[in-house]
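The block underneath contains the structure these notes are about, expressed in structure tokens.
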DNA sequence: GACCAGGCACATC
DNA sequence: GATGTGCATGGT
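Residue numbers (my numbering): 9 to 234.
This is the structure:
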């Protein structure tokens, strides 16, 4: 087992070059991820809410239920009784909270965009993000996941993996806030939804494989950045 | 049986 | 603005 660097280690600012070479190292190891498990943009949106603080394997079970019942469409989910929805998404955990959040999002999606991805997509990124954040139950990460992974908008998603991987390599403070982390990526990297998508996916992959609570740094492609 | 996993809103100080 | 708490399932 590898010992962790002390957490009081001073933060070092990543340069554009470091961010890009890290990305290349990851991509070389894992290949292009071009990622988010989901067949349709709508499924990605639902998944983004269901996966809040939850392992994806549990979310999958909920999605399977929704598909099996043939209700994974904007109209069907908008109309489905709350109790039935709660029952179907039960495996994803926090099912009462998430039922409310899904319903809140579906109401918004229906009211503002007629439940149409295309219409929603036409909205300007900043405006869309602001309105998503007004929906109860949609915070920054969920909003950005929807924007990037469902709608292909160029915005970098910050999640637990991003924070863990980057802070373990001293590129972040222990509890750095969402906006400043996002700024690091977005100010240093070219504005590309493809890059933001794949980079974040690479971080998730390296986080899952090597950067757990007990990290396995020996074979980690980011080893030299420790 | 404890601990963990791709957050968020809300209460309180 | 920082800190604490409730929300719940399924895998390890």
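Every residue gets a Cβ at the ideal spot worked out from N, C-alpha and C, and that includes glycine.
Between the CA atoms of residue 179 and residue 168 - distance to the nearest angstrom
Within the first chain, the letter at position 160 stands for residue 168. Within the first chain, the letter at position 171 stands for residue 179. Roughly 14 angstroms between the two C-alpha positions.
Residue from 100, 122, 117 whose Cα sits closest to the Cα of residue 67:
Your numbering for residue 67 matches position 59 in the first chain. For the residues 100, 122, 117, the minimum Cα distance to residue 67 belongs to 100.
Inter-residue Cα distance where the pair is residue 224 and residue 163
On the first chain, position 216 is the one that residue 224 refers to. On the first chain, position 155 is the one that residue 163 refers to. Their Cα atoms are separated by approximately 30 angstroms.
Suppose contacts are defined by Cβ-Cβ distances below 8 angstroms. Is residue 33 in contact with residue 229 by that definition?
The sequence position of residue 33 within the first chain is 25, counting from 1. The sequence position of residue 229 within the first chain is 221, counting from 1. Yes, the pair counts as a contact, with Cβ atoms nearer than the cut-off.
Start and end of the alpha helix (DSSP H) containing residue 100?
Mapped onto the first chain, residue 100 falls at position 92. Segment: none, residue 100 is in no alpha helix (DSSP H) and carries neither H nor E.
Straight-line Cα distance separating residue 87 from residue 95:
Your numbering for residue 95 matches position 87 in the first chain. Your numbering for residue 87 matches position 79 in the first chain. So the two alpha carbons sit approximately 15 angstroms from each other.
Just mark residue 174 as buried or exposed, buried being the case when its beta carbon has 16 or more other beta carbons within 10 Å.
For the purposes of this step, residue 174 is taken as the residue at position 166 of the first chain. Result: buried.
So the alpha helix (DSSP H) residue 37 belongs to, where does it begin and stop?
Here residue 37 refers to the residue found at position 29 when the first chain is read from its first residue. Residue 37 -> alpha helix (DSSP H) spans 24–38.
Is it buried or exposed, residue 63, if we count other Cβ atoms within 10 angstroms and call 16 or more buried?
Reading the first chain from its first residue, position 55 is the one you call residue 63. Residue 63 comes out exposed.
How should residue 55 be labelled, buried or exposed, when 16 other C-beta atoms within 10 angstroms of its C-beta is the threshold for buried?
Taking the first residue of the first chain as position 1, residue 55 is located at position 47. That one is buried.
Assuming the contact rule is C-beta atoms closer than 8 angstroms, residue 123 and residue 89 should be a hit. Round their C-beta distance to whole Å, please.
For the purposes of this step, residue 123 is taken as residue 115 along the first chain, with counting starting at 1. For the purposes of this step, residue 89 is taken as residue 81 along the first chain, with counting starting at 1. Incorrect: roughly 18 angstroms between the Cβ atoms, too far for contact.
Helix, strand or coil at residue 223 according to DSSP, with G and I counted as helix
Counted from its first residue, the first chain places residue 223 at position 215. Three-state DSSP puts residue 223 in coil, outside helix and strand.
Exposed or buried, what is residue 24 when buried is set at 16 or more other beta-carbons lying within 10 Å of its beta-carbon?
The sequence position of residue 24 within the first chain is 16, counting from 1. Looking at its Cβ environment, which holds fewer than 16 other Cβ atoms inside 10 Å, residue 24 is exposed.
Rounded to the nearest angstrom, what separates residue 74 and residue 80 at their Cα positions?
Within the first chain, numbered from 1, the residue matching residue 74 stands at position 66. Within the first chain, numbered from 1, the residue matching residue 80 stands at position 72. For residue 74 and residue 80, the distance between alpha carbons rounds to 5 angstroms.
Proximity test, residue 225 beta-carbon vs the ligand FMN heavy atom, cut-off 7 angstroms:
By its list of ligands, the structure shown contains no ligand whatsoever, and the ligand FMN lies outside what it can speak to.
Check whether the stretch 152–161 touches the stretch 39–58, taking contact to mean three or more Cβ pairs, one atom from each stretch, closer than 8 angstroms.
yes
So, with DSSP's three-state summary, where would you put residue 208?
In the first chain, the residue the question calls residue 208 occupies position 200. Reduced to three states, the DSSP call for residue 208 is helix.
So, residue 211 versus residue 186, is the Cβ gap smaller than 8 angstroms?
Here residue 211 corresponds to residue number 203 of the first chain, with the count starting at 1. Here residue 186 corresponds to residue number 178 of the first chain, with the count starting at 1. Their beta carbons are not under 8 angstroms apart, which means residue 211 does not touch residue 186 by this criterion.
Shortest alpha-carbon distance to residue 29 belongs to which of 201, 196, 222, 215?
Along the first chain, one-based indexing puts residue 29 at 21. When each option's Cα is compared against that of residue 29, the closest is 196.
Tell me the start and end of each unbroken alpha helix (DSSP H) in the stretch 83–165 that is at least 4 residues and wholly inside, in chain order.
90–96, 103–121, 125–130, 133–142, 148–153
Comparing C-alpha positions only, which one of 40, 43, 42, 103 sits nearest to residue 71?
Locating residue 71 in the first chain gives position 63, counting from the first residue. The candidate whose alpha carbon is nearest that of residue 71 is 103.
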